[in-house]
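The working numbering applies: residue 727 is where the sequence shown begins, and numbers increase by one. Idealized CB from N, CA, C, for every residue including glycine. The structure appears below as structure tokens.
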Amino acid sequence: MMQNKTKEHVSVFLNELVSLLPVIKDSWYIDATLGSGGHTQEILSQGGKVVAFDWDDAAINRAKTQFSSELNGKRLFLVHEPFSKLKEAVKFLQNQGIPSLFSGVIFDFGTSTEQLMSEERGFSFRGSGVLDMRMDVRLAVMAKDIIAAVPAKQLAQLFRDFGGELEADRIAKAIKSSPEPIETTKQLADLVISVKHKKAGSLHPATKVFQALRIAVNSELTEIQLALPQALSLLLPGSKLLCASFHEGEDRLAKHYFQIWEEQGKGTRLSKKPMMPSDDEIISNPRSRSAKLRGFIKK
Ligand SMILES: C[S@@+](CC[C@H](N)C(=O)[O-])C[C@H]1O[C@@H](n2cnc3c(N)ncnc32)[C@H](O)[C@@H]1O
């Protein structure tokens, strides 16, 4: 397969997610992370109906154009809210013909390629935008605010906990002793490169620091903790909750909940170990190389 080099998002586990659900004609599904609409598109094209969430207004606006006929036909509803409000939003939609229980819920955690590629949104170390990193512009705190306000010790802890950064202390100290405030992605990337004495190779030296800040800005792990139990409660008996993760923190939460739920008799895990992308998928979509997929079948 050809390697994909476009700036468009390529959905991970596209076939797996949709065939595992599986899609039953005219049944309702929740796509908790709409993004560029790849998974939603596939469910719709197999005859399913979708309630799709994204807290990024750019994703919602793209989908309004992309799926205008499905929106008009009421086969798709878009919800511009964090997925931690899953139940509340579904309840709100009930007077529009949406059921209270669904035939499947999917999560594809993290950021989309469009978010990463947008220099001004500040997610990527390859640009020179403001260190923003908010997926939802209604959030109050940007990455540059965290860097300015959090003391060196806690900043280092954040880089360790959310990024697994081994040189967290030295990076945090360098940030705090910088003569100029660190407010752009380029300033931060250059600072990390100078602290680590490493050039940008296949894994950029600032990858872990950027990941840690993004997780903190968007309270990503708290969002997942709040959303997964709600997702389970919105499933019809026998239907599945599927989670695609990109980093350890996300996968650990899915693993934890699925294991506890199984012990509590709420259903069964699809498998004990996560599923990994195929070699073909990794070649065609290198971003998928760290992806893991876990599933849970509700009793
Ligand atoms: C990896 S992308 C999803 C890609 C999508 N599955 C596709 O096929 O195009 C993740 C999306 O989830 C959204 N997202 C992340 N955390 C969220 C949250 N807590 N609430 C709502 N949306 C969230 C992001 O804004 C992003 O658009």
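Within the DSSP bridge table, the entry for Trp754 names Lys775 as partners. A distance criterion of 8 Å places the beta-carbon of Leu740 in contact range of ligand 1, judged by its closest non-hydrogen atom. Here the distance from the Cβ of His765 to the nearest heavy atom of ligand 1 is below 8 Å. Closest option to Glu734, judged by alpha-carbon separation, among Gly761, Arg940, Arg801: Gly761. Taking a contact as a CB-CB distance under 8 Å, the pair Ile769 and Val738 does not count as one, their CB atoms being some 15 Å apart. Around the beta carbon of Ile901, 16 or more other beta carbons lie within 10 angstroms, which makes this residue buried. By the beta-carbon neighbour count (other beta carbons within 10 angstroms, threshold 16), Gly991 is exposed. Secondary structure at Pro963: strand, using DSSP grouped into helix, strand and coil. In this structure, Glu893 has its CB at a distance of at least 8 Å from all heavy atoms of ligand 1.
Across the set Ile832, Ser928, Asp783, Phe803, the C-alpha of Phe803 shows the shortest separation from the C-alpha of Asn821.
For ligand 1, a non-hydrogen atom lies closer than 8 Å to the CB of Trp781.
Across the structure, Pro955 and Lys899 are spaced so that their CA atoms are roughly 39 Å apart.
Across the set Ser971, Lys800, Arg978, the C-alpha of Ser971 shows the shortest separation from the C-alpha of Ser1014.
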